Every structure is written in structure tokens, then in C-alpha cells.
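Engineer: So for the sequence shown, numbering that gives the first Met the number 0 puts the first residue at 0; every next one is plus one.
No residue lacks a Cβ here, since even glycine has one placed at the ideal position from N, Cα and C.
Note that this is a predicted model, so its numbers are computed, not measured.
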Amino acid sequence: MSQLVTGRRAAAALVTAALLVPLAACGNDDGKKAAGAEKSAGSSGTTQLTVLAASSLTDVFPKAAAAYEKEHPGTKVRFSFAGSQELAAQVKQGAPADALVTADTKTMDGLKDDAGSPTVIAKNRLVIATGAGNPKKITGLKDLAGDKLKVVLAAPEVPVGRYSKQVLDAQKIKVTPVSQEPNVRAVLSKVELGEADAGLVYKTDAATAPKKVDAVDIPDAQNAVASYPAAPLKDSHHAAAAAAFVKWLSTPEAQKILQQAGFQKP
Numbered sequence: 000m001s002q003l004v005t006g007r008r009a010a011a012a013l014v015t016a017a018l019l020v021p022l023a024a025c026g027n028d029d030g031k032k033a034a035g036a037e038k039s040a041g042s043s044g045t046t047q048l049t050v051l052a053a054s055s056l057t058d059v060f061p062k063a064a065a066a067y068e069k070e071h072p073g074t075k076v077r078f079s080f081a082g083s084q085e086l087a088a089q090v091k092q093g094a095p096a097d098a099l100v101t102a103d104t105k106t107m108d109g110l111k112d113d114a115g116s117p118t119v120i121a122k123n124r125l126v127i128a129t130g131a132g133n134p135k136k137i138t139g140l141k142d143l144a145g146d147k148l149k150v151v152l153a154a155p156e157v158p159v160g161r162y163s164k165q166v167l168d169a170q171k172i173k174v175t176p177v178s179q180e181p182n183v184r185a186v187l188s189k190v191e192l193g194e195a196d197a198g199l200v201y202k203t204d205a206a207t208a209p210k211k212v213d214a215v216d217i218p219d220a221q222n223a224v225a226s227y228p229a230a231p232l233k234d235s236h237h238a239a240a241a242a243a244f245v246k247w248l249s250t251p252e253a254q255k256i257l258q259q260a261g262f263q264k265p
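1. State the DSSP-derived secondary structure class of residue 228, mapped to helix, strand or coil.
2. Could you please give me the residues that DSSP links to residue 180 through a beta bridge?
3. Please determine, among 122, 178 and 262, the residue with the shortest C-alpha to C-alpha distance to residue 160.
4. In or out: residue 116 buried (at least 16 other Cβ within 10 Å) or exposed?
5. Go ahead and pull the three-state DSSP assignment for residue 187.
6. Among the candidates 136, 97, 79 and 198, whose CA atom is the shortest distance from the CA of residue 236?
7. Any contact between the region 230-245 and the region 43-54? By contact I mean 3 or more CB pairs, one from each, below 8 Å.
8. So for residue 75, helix, strand or coil by DSSP?
9. Please go through the same chain and pick out, in chain order, the residues whose beta-carbon is closer than 7 Å to the beta-carbon of residue 108, but skip the five residues on each side of it.
10. Please classify residue 253: does DSSP put it in a helix, a strand, or coil?
11. Using the Cα positions of residue 242 and residue 231, report the straight-line distance between them to the nearest angstrom.
12. Since I believe residue 123 is in contact with residue 201 (beta carbons under 8 Å), could you give me their beta-carbon distance rounded to a whole number of angstroms?
13. Alpha carbon to alpha carbon, how far is residue 265 from residue 151?
14. Counting Cβ pairs, one atom from each stretch, are 3 or more of them under 8 Å apart for the region 247-261 and the region 137-144?
15. Do you know how far the Cα of residue 170 is from the Cα of residue 185?
16. Classify residue 103 as buried or exposed, calling it buried when 16 or more other Cβ atoms lie within 10 Å of its own Cβ.
17. For residue 130, which of helix, strand or coil comes out of DSSP?
18. Can you tell me the Cα-Cα spacing of residue 118 and residue 147, whole angstroms?
19. Using the Cα positions of residue 176 and residue 85, report the straight-line distance between them to the nearest angstrom.
20. For residue 194 and residue 129, I'd like the C-alpha separation in whole angstroms.
21. Rounded to whole angstroms, how far is the Cβ of residue 125 from the Cβ of residue 166, which I believe are closer than 8 Å?
22. Is the beta carbon of residue 189 sitting closer than 7 Å to the one on residue 131?
23. Taking Cβ positions only, does residue 106 come closer than 7 Å to chain C?
24. Could you tell me if residue 187 is buried or exposed, where buried requires 16 or more neighbouring beta carbons within 10 angstroms of its beta carbon?
25. Taking 6 Å as the limit between beta carbons, can you name the residues of its chain near residue 263, skipping five residues before and five after?
26. Can the beta-carbon of residue 106 be found less than 7 Å from the beta-carbon of residue 87?
27. CA-CA distance, residue 207 and residue 58?
28. Are the CB atoms of residue 55 and residue 204 nearer to each other than 7 Å?
29. Distance check for residue 82 and residue 120, CA to CA, integer angstroms please.
Right, dumping it as C-alpha cells:
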């Protein structure tokens, strides 16, 4: 793997800063494993997969990985969570990884040279996150245009930011955000900390903090549907194992875990 990283030192600091799990534990299935990689996996002969995944999957994917590892004792799954646009940059800059799951099809479609055929594994919708108890009494999208309301959104290049712009533009609602964040979890955090009165996030993200935020539903006719495609990466050193994990995400067991977390059927 050292050869993969060598020569990419000039790549933007985005790659290393965003990787939340050590990516040094990659190796070759043909036995030519990087020194120490399998030791870090915890047992000899273990295949360790590194999956780049959208921030909105931060809570549910570790649960999915635990179920997968129980079924496949020779495989360990580790994740790096970030905004989908950031993950795409990591892939293009050669970050060592085995599979990718984004929060939109547009980002995945831009990686046709780097990823295999994608499969949509889940869908999601937006809600308005407010402070606990909804102190500003927000009832719908139109309230976000209030001059005295501090609204935070994701940046427009982020999938949730594009979805937010889509729904606001469709309703002809002009919102001037106090900040534009790099991913959905950053938007949620601003609301949790009281730094914003409201923010547009995925329904599943709001559900992770029920004691800190309230979620105001957006009617389907005004909402946007987020699709989550998953694909193995062509530079993976564990191509068969990566493809198997991606395929498993569509199985009834994986779907049950996703839907219990609030994700919709693909």
C-alpha cells in the first residue's frame, strides 16, 4: 500500500484530514500484504475493508458492519465518514479504500472511472431540525425565511446542500444561512449547540439526537428524495470482498438495519 500513497504527498490535505479511521491496514488478497497490516486487523488472515461513507451513515453503518462481520468472520469493515463530495475527492486523489457509499447519485456518477457499478441501497428525506422543544415554533419551510431566524444549511456542493436548495427554490423561499457546512452532521451540530435556530438535515440524522433537537416534517410534495448508491472501488486490493459487502447491503438483514434507523427502501 506504501506504493499507492507514495507520490501523492502533494494532494490536498483534505484526504488525510478527512480519514477518520487508519487506512494503513490495506493489503493484497494474493498474500503480498503490507507489513503489519494484518496485525492491525487483529488476527492472521483477516481481510480488512475500508469503506468511504456519507456522513449521514455514521450511526447506522457500524451496526451494519457488526452484523456483516458476524456472518463473515474473516472480514473486518472499517469506515471513513465525510461529505460525499469530500469522499469523491479522496477517491480521485488515490486514498486507499475498497468501497464507496454516497448520499446522492450525482457524486457517484462522477466516479465511473474509479468505481464499479453502483447499487442504490437506501433513500432518505429532509426535515427541519430545530432546538429541543422547537422554541421558535417553526411549522414549515416558509418559516425559514424569517429575518430573525438563524438558519444553517450545508454548502451547495454537498448532497444535502443541493437537496436543501432544491426544496427551497421549488417553494420560492429565500433563506440567507448564517453558515454553510461541509456535511449534514455539521449542520445538525450547529442546531444541537444552539448556534442556529434551524437547519435542513436528513430525517435519519435528526433521529440520532432526539433529546437535543426536534424534527419538523416537510410534506412529500415539497420534499426531496436522497438516494444512496454503493459501489466497490476499482483500485481495491480486496475486490471480491468489497463487491460482496456492497451486495450484502441490499440483503434483507442489511435493509432491516437501515430501515430501523429511519432510512427508506431503495
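Structural biologist: According to the structure shown:
1. On the sequence shown, residue 228 is found 229 positions in, with the first residue counted as 1. In the structure shown, residue 228 sits in a strand (DSSP, three-state: E or B).
2. Position 181 of the sequence shown, counting from 1, holds the residue named residue 180. DSSP, once it has assigned bridges, lists 153 as partnering residue 180.
3. On the sequence shown, residue 160 is found 161 positions in, with the first residue counted as 1. Minimum Cα distance to residue 160 is reached at 178.
4. What you label residue 116 is simply residue 117 of the sequence shown in a count that begins at 1. By the neighbour-count criterion, in which 16 or more other beta carbons inside 10 Å mark a residue as buried, residue 116 falls on the exposed side.
5. Walking along the sequence shown from the start, residue 187 turns up at place 188. The DSSP-derived three-state label of residue 187 is helix.
6. Position 237 of the sequence shown, counted from the first residue, corresponds to residue 236. If we check each option's Cα against that of residue 236, 97 comes out closest.
7. The answer is yes - the region 43-54 touches the region 230-245, with three or more Cβ pairs under 8 Å.
8. As a working note, residue 75 is residue 76 in the sequence shown. Residue state, collapsed to three classes: strand.
9. On the sequence shown, residue 108 is found 109 positions in, with the first residue counted as 1. There are no such residues.
10. Within the sequence shown, the letter at position 254 stands for residue 253. DSSP places residue 253 in helix when its eight states are reduced to three.
11. Taking the sequence shown and counting its residues from 1, one reaches residue 242 at position 243. Taking the sequence shown and counting its residues from 1, one reaches residue 231 at position 232. For residue 242 and residue 231, the distance between alpha carbons rounds to 5 Å.
12. Translated into positions along the sequence shown, residue 201 becomes position 202. Translated into positions along the sequence shown, residue 123 becomes position 124. About 5 Å separates the two Cβ atoms, so the contact holds.
13. Walking along the sequence shown from the start, residue 265 turns up at place 266. Walking along the sequence shown from the start, residue 151 turns up at place 152. When rounded, the distance between both Cα atoms is 28 Å.
14. With the cut-off at 8 Å, the region 247-261 and the region 137-144 do not touch.
15. As a first step, residue 185 is located in the sequence shown; it is residue number 186 there, counting from the start. As a first step, residue 170 is located in the sequence shown; it is residue number 171 there, counting from the start. If you draw a straight line from the Cα of residue 185 to the Cα of residue 170, it comes to about 25 Å.
16. Start at 1 with the first residue of the sequence shown, and residue 103 comes out as number 104. Buried.
17. Here the question's residue 130 lines up with position 131 in the sequence shown. It is a strand residue.
18. Numbered from 1 along the sequence shown, position 119 holds the residue referred to as residue 118. Numbered from 1 along the sequence shown, position 148 holds the residue referred to as residue 147. C-alpha separation (whole angstroms): 43 Å.
19. If you number the sequence shown from 1, residue 176 lands on position 177. If you number the sequence shown from 1, residue 85 lands on position 86. Those two C-alpha atoms are separated by around 21 Å.
20. Walking along the sequence shown from the start, residue 194 turns up at place 195. Walking along the sequence shown from the start, residue 129 turns up at place 130. The alpha-carbon atoms of residue 194 and residue 129 are separated by roughly 11 Å.
21. Counting from 1 along the sequence shown, the entry for residue 125 is found at position 126. Counting from 1 along the sequence shown, the entry for residue 166 is found at position 167. The C-beta distance from residue 125 to residue 166 rounds to 6 Å, short enough to meet the 8 Å contact threshold.
22. Along the sequence shown, one-based indexing puts residue 189 at 190. Along the sequence shown, one-based indexing puts residue 131 at 132. No, the pair does not count as a contact, with Cβ atoms beyond the cut-off.
23. Absent here is chain C; the protein component of the structure consists of one chain.
24. Your numbering for residue 187 matches position 188 in the sequence shown. Flag for residue 187 reads buried.
25. Against the sequence shown, residue 263 aligns to sequence position 264. In the same chain as residue 263, and ignoring 5 residues on each side of it, the C-beta atoms closer than 6 Å to its own belong to 122, in chain order.
26. Working through the sequence shown from its first residue, we reach residue 106 at position 107. Working through the sequence shown from its first residue, we reach residue 87 at position 88. Taking 7 Å as the cut-off, the beta carbon of residue 106 is found closer than this to the beta carbon of residue 87.
27. On the sequence shown, residue 207 is found 208 positions in, with the first residue counted as 1. On the sequence shown, residue 58 is found 59 positions in, with the first residue counted as 1. Taking the straight line from one Cα to the other gives about 8 Å.
28. Counting from 1 along the sequence shown, the entry for residue 55 is found at position 56. Counting from 1 along the sequence shown, the entry for residue 204 is found at position 205. Cβ atoms of residue 55 and residue 204: closer than 7 Å.
29. The residue labelled residue 120 in the question sits at position 121 within the sequence shown. The residue labelled residue 82 in the question sits at position 83 within the sequence shown. If I take the Cα positions, the gap works out to 17 Å.
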